[in-house]
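The C-terminal residue of the sequence shown carries number 351 in my numbering, and the numbering is unbroken. Everything on this sheet refers to the single structure shown next.
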Amino acid sequence: MDTPVLLAPMEDVSNLPFRLIAKQTANPGMMFTEFVSAMAVHYQAKKTWRKMRVDPGERPLGIQIFGAEPDVMAETARVAEEAGADVVDINMGCWVPKVCRTGSGAALLKDPDLAERIVAAVVAAVRVPVTVKVRAGWDYSLFAAPELAKRFQGVGAQMITLHARFAKQGFEGQADWDLLKRMREAVTVPFVGNGDVKEPEDALRMLRETGVDGVMVGRAAISDPWRLARITAAVTGQPTPPIPTIYERVEMAKRHMRLMVGYQLGLDDLTRLPDNIDPIEELAALRALRAQLPLYIKGEPGAAALRGKLTVAESMKDIEALLDGFLLSAAVTA
Ligand SMILES: Cc1cc2nc3c(=O)[nH]c(=O)nc-3n(C[C@H](O)[C@H](O)[C@H](O)COP(=O)(O)O)c2cc1C
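Structure representation (structure tokens):
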């Protein structure tokens, strides 16, 4: 990987439209899909297939999978490889009850033998590299990640990412980068740090202070691909790209919305929307983007007032009109 900045897997966020925008704006070293349930793939859930859609322009791409059964995980890894994954990533970081109840995600941190068997089964099932994303451990009582990472490396994992929080923490508190430092010596494969990288300086500091080989960025890139671009530029020693204007932000919000509708419709070319769009599909796409759209203009005067309207708008036309009106008032008050 030439650029040691990775875009994090994020459920309901890291779908194809989001990744295309991130790729074109920031060109991170690697991106990941949102996690894909191995059980859902096993039972052929239609919505799940879409999550594994890969565009040739977004490589290298990791498809992240989660599950608790080695066989089913191996089968899903093969499906992911066939779908075009350059890497299959195993999720051992998700802390939410609906996932952990099934023994998947971060629950595997409590069962090292099973966790290792899953990694070994997935490695044996595919030709592409297999990577694992972990949290530090289940709760503060045991920093399990270094020992686990060693075992995963032993059975063939080719990269480990640590989100430097314990599962029980959810997203509380600060990520503890000291854990990255303490874990660094556990593995010789590339080791990626994750947690609270918000600005270019954070990425540089994480690289400098912890010895990680790469930084993974999640929330800071949501509705802000330019921030990811600034982080990428800093890490690769390129000049800092300019802060986007409000016009650029609004244009990107519109673009994201259109791509999302194209994605929902399952178009080959997401940018070529037909004249007649099924309003139910259109609404489904807008709902999926509901939380992200207002973030494109967050912090601008009048953005808070617009937020509610954007969230309930039911058509692209309405959203475009709202955003255009917003730009107009920005121009008037400028
Ligand atoms: C909305 C959201 C969805 C997430 N979904 C996933 C996921 O599907 N798989 C995963 O490994 N981590 C997931 N995460 C965790 C992120 O990948 C990352 O580890 C975490 O946000 C910390 O990084 P950050 O501080 O840069 O955001 C998610 C995080 C958020 C905010």
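Where a beta carbon is used, it is the ideal one built from N, C-alpha and C, also for glycine.
Item: Taking Y280 as the reference, which of M18, N32 and P114 has the closest Cα?; Value: N32
Item: In terms of residue numbering, what span does the alpha helix (DSSP H) encompassing G101 cover?; Value: Element bounds for G101: n/a, residue is neither H nor E.
Item: If you measure between the beta carbons of I177 and V147, is that distance less than 8 angstroms?; Value: no
Item: Which residue wins for smallest C-alpha separation from S54, given the options A91, E331 and H180?; Value: A91
Item: Taking the C-alpha atoms as reference points, what is the distance between Q170 and L287?; Value: 38 angstroms
Item: Expressed to the nearest angstrom, what Euclidean distance is found between the alpha-carbon atoms of R353 and A321?; Value: In the structure as shown, the chain begins at 18 and stops at 351. Residue 353 is therefore absent and cannot be evaluated.
Item: Opposite G210 in the DSSP bridges: which residues?; Value: L179 and V232
Item: To the nearest whole angstrom, what separates the beta carbons of M274 and L312, a pair I think is in contact under 8 angstroms?; Value: The pair is not a contact, with the Cβ atoms about 13 angstroms apart (cut-off 8 angstroms).
Item: Determine, using beta-carbon pairs with one atom in the region 55–66 and one in the region 123–132, whether at least three such pairs fall under 8 angstroms.; Value: no
Item: Identify the residues that DSSP records as bridge partners of D106: which are they?; Value: Q81 and T148
Item: Count Cβ pairs between the region 324–337 and the region 248–261 that sit closer than 8 angstroms; are there 3 or more?; Value: no
Item: Let me see if you follow: with CB-CB separation under 8 angstroms, is A184 close to chain D or not?; Value: Judged by its chain identifiers, the structure shown contains no chain D, having just a single protein chain.
Item: Could you name the residues whose beta carbon sits closer than 6 angstroms to any heavy atom belonging to ligand 1, keeping them in chain order?; Value: A25, P26, M27, E28, V30, E51, F52, Q81, N108, G110, C111, K150, H180, N211, G212, D213, V214, V234, G235, R236 and A237
Item: Quick check on DSSP: helix, strand or coil for V278?; Value: helix
Item: What's the gap between the Cα of D103 and the Cα of Q309?; Value: 27 angstroms
Item: Beta-carbon separation of A181 and G212 under 8 angstroms?; Value: yes
Item: Taking R244 as the reference, which of G231, V229, I260 and V206 has the closest Cα?; Value: I260
Item: On the DSSP bridge assignment, give the partners of F49 in chain order.; Value: G79
Item: When the Cα atoms are used, what is the spatial distance from L345 to E337?; Value: 12 angstroms
Item: How would you write the range of the beta strand (DSSP E) that V22 sits in, first residue to last?; Value: V22 to L24
Item: Can you tell me the Cα-Cα spacing of M183 and A161, whole angstroms?; Value: Inspection of the sequence shows that residue 183 is occupied by Phe rather than by Met. Roughly 9 angstroms separates the two Cα atoms.
Item: Are A238 and L23 touching if we call contact CB-CB under 8 angstroms?; Value: no
Item: For S54, name the three-state secondary structure that DSSP assigns.; Value: strand
Item: Give the DSSP-derived three-state secondary structure of F169 in the structure shown.; Value: helix
Item: Using only the alpha-carbon positions, how far apart do Q175 and K150 sit?; Value: 11 angstroms
Item: Helix, strand or coil for K215? Go by DSSP, reduced to three states.; Value: coil
Item: In angstroms, rounded to a whole number, what distance separates the CA positions of A220 and T227?; Value: 11 angstroms
Item: Check P155 in the structure and name its three-state DSSP category.; Value: The question names Pro, yet the displayed sequence has Trp at residue 155. W155: coil per DSSP, three-state reduction.
Item: Our contact map puts G231 next to P26 with C-beta atoms below 8 angstroms; I'd like the distance itself, whole angstroms only.; Value: Not confirmed; about 14 angstroms, so no contact.
Item: Report the CB separation of V105 from V139 in whole angstroms; it is logged as a contact under 8 angstroms.; Value: 6 angstroms
Item: Using a 10 Å radius around the Cβ and a threshold of 16 neighbouring Cβ atoms, would you call A141 buried or exposed?; Value: exposed
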